[in-house]
Each structure stands twice: as C-alpha cells, then as structure tokens.
Amino acid sequence: MEAIYAKLNQLEKQLEQRQSLESIIRQMNMNLQAGGSLRKEDHEHIYSIMICLRTIVDEEKEMLVDSCAEIMKRLRTNSDELKEYRQELIKGVENMTITTSTIIGIKRMGELDERPFHLACKRKHREDDPRGKAAMLISYWQEELKNPSWHPFKIIQVDGEDKGVVDEDDQKLRQLCKDYGDSVCNAVKAAMAELNEYNPRGRHTMNELWNFREGRKATTKEVVKYISDQLKTNSSQSDN
1 MEAIYAKLNQ LEKQLEQRQS LESIIRQMNM NLQAGGSLRK EDHEHIYSIM ICLRTIVDEE
61 KEMLVDSCAE IMKRLRTNSD ELKEYRQELI KGVENMTITT STIIGIKRMG ELDERPFHLA
121 CKRKHREDDP RGKAAMLISY WQEELKNPSW HPFKIIQVDG EDKGVVDEDD QKLRQLCKDY
181 GDSVCNAVKA AMAELNEYNP RGRHTMNELW NFREGRKATT KEVVKYISDQ LKTNSSQSDN
C-alpha cells in the first residue's frame with residue numbers, strides 16, 4: 001500500500017500546482033475583462049501554463065489508472081487470502097458440536113431446512129407414516145435442487161443492476177406450495193437462493209461459517225472470538 005500512498009501524495013502536490021496555475025490564468029482573465037492588454041511575454045506565459053496543465057492532467061489520469069489497478073490487485077489478493085483463512089476456520093469449526101444453543105457454527109448452504117417438511121407431513125399424512133413421507137419429500141427436493149434443467153429464476157433490476165431471484169410463479173414451486181404449504185415452499189426457495197449465490201454452476205451444498213443467533217453469515221472476527229471463547233471455557237472446565 002506504500003506505493004499507492006506515494007502516488008496519492010504526488011497527485012495532491014500536482015493538484016496544488018494545477019490550482020496555482022489556474023489561479024494565474026484567472027488573474028490574467030480578470031485583467032483583460034478590466035480593459036487591460038496582454039504583452040508578448042504574457043502570451044508566452046499562458047502558452048507554457050497550458051502545456052504544463054495538459055501534462056499534469058495526463059499524468060494524473062495515468063496515475064489514477066495505475067492506482068486503481070494496484071488497489072484492485074490488492075483487494076483480490078486480500079480476498080483470496082481471506083477465503084483461504086475462512087476455509088481453515090471452517091475445518092476447525094466442523095469439529096465443534098452444534099447444539100440448539102450454538103451461536104457460531106457451520107451451515108450447509110443449499111441444504112434444505114427439514115423442519116417445515118416434518119411439520120407439513122404430520123398434518124397431511126398424520127396416519128400414514130408422516131416421518132417416512134417427510135424423509136422421501138426432503139430427499140426428492142434436495143435432488144431436484146441439483147437438477148441443472150430446473151432453473152426457477154427471473155432477472156430483476158436492483159439499484160440499476162441485474163439480479164437473479166427465485167421466480168415465485170415457477171410451476172413446480174406453485175404446486176409444492178399448493179400441496180404442502182408456504183413453509184415447505186419457502187424452505188425450497190431459500191435453499192435454491194443459497195445455491196445460486198454460493199455454487200450456481202455445480203449446485204452442490206457448501207459449508208459456510210454462520211451466526212445462528214442472528215441468522216446470517218458470520219464475520220471472520222466473530223468466528224475467531226467464538227473459537228477463542230470456547231477454548232477458554234473448555235480449559236477452565238478441564239482445570240476444575
């Protein structure tokens with residue numbers, strides 16, 4: 001980042017120089033408007049100023065392009081390093097037991113939430129093996145999520161950019177909603193949205209560090225703190 005800061009400092013100096021030259025031109029213009037005239041050396045001075053300004057502007061453009069390229073390179077490098085770091089954290093957190101009170105853990109992105117299926121099958125198949133029916137339904141839809149020929153998405157504009165979202169009018173989803181209710185349909189839509197975000201081509205479930213308390217992706221800082229706190233707790237219990 002030192003190279004970037006050096007370029008930015010140089011740009012600031014050039015900006016000051018440009019402002020000084022522009023001030024001289026404005027002063028000459030004011031003199032002309034007041035009825036004054038320009039001497040030969042004034043014309044030469046203005047010409048040299050314009051050449052200097054053009055050089056400064058060209059250099060500024062080039063430096064800004066270089067600076068932006070350097071920043072993007074740094075961001076990509078930092079992003080790759082962060083991804084590798086999170087993968088290592090995922091491996092560590094995978095060995096931790098997840099309970100109903102777990103705050104930070106692993107969530108399988110694209111994996112169906114099974115609870116709505118079991119509740120729906122208890123209502124719909126109360127006397128006909130609801131647990132077995134739920135298991136079959138879950139298995140069917142988990143496989144259907146991987147089906148590349150099924151693409152229940154539509155493109156909408158969000159802040160001026162195209163974004164793919166689950167199509168509420170998809171025929172399969174509408175039928176599922178009709179047969180088993182909104183909760184089951186929403187579980188399928190949520191899993192499909194996750195797959196589209198994390199693995200749109202392969203459509204395979206992926207591990208993600210998750211804040212279960214707040215229902216969102218956990219930050220790296222949160223995960224490190226949580227693991228540290230858990231280790232301290234386990235150490236204290238061992239000492240006792």
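Its first residue numbered 1, the sequence shown is counted upward by one per residue in UniProt numbering. Built from N, CA and C at the ideal position, the CB exists for glycine as well.
| query | result |
| --- | --- |
| Residue 231 beta carbon near the ligand MG (any heavy atom closer than 8 Å) | Ligands are entirely absent from the displayed structure, and the ligand MG is therefore not among its contents. |
| DSSP beta-bridge partners of residue 211 | 104 and 216 |
| Helix, strand or coil at residue 127 [DSSP, three-state] | coil |
| C-alpha distance - residue 113 paired with residue 132, whole-angstrom precision | 16 Å |
| Nearest neighbour of residue 120, chosen from 184, 202, 171 and 167 [CA to CA] | 184 |
| DSSP three-state assignment for residue 181, whether helix, strand or coil | coil |
| Range of the contiguous beta strand (DSSP E) that encloses residue 162 | 161-166 |
| Residue burial classification, residue 219 (beta-carbon count within 10 angstroms, cutoff 16) | exposed |
| Residue from 158, 115 and 126 with nearest C-alpha to residue 182 | 115 |
| Beta carbon of residue 145 nearer than 9 Å to that of residue 192 | yes |
| Closest residue to residue 199 among 147, 174 and 172 (Cα-Cα distance) | 147 |
| Beta-carbon separation (whole angstroms), residue 210 vs residue 83, contact threshold 8 Å | Not really, about 16 Å apart at Cβ, beyond 8 Å. |
| Distance, residue 168 Cα to residue 174 Cα | 7 Å |
| Other residues of its chain near residue 86: CB distance less than 7 Å, five sequence neighbours each side excluded | 209 and 220 |
| Chain-order list of residues whose beta-carbon lies under 6 Å from that of residue 187 (same chain, five-residue window excluded) | 112, 113 and 116 |
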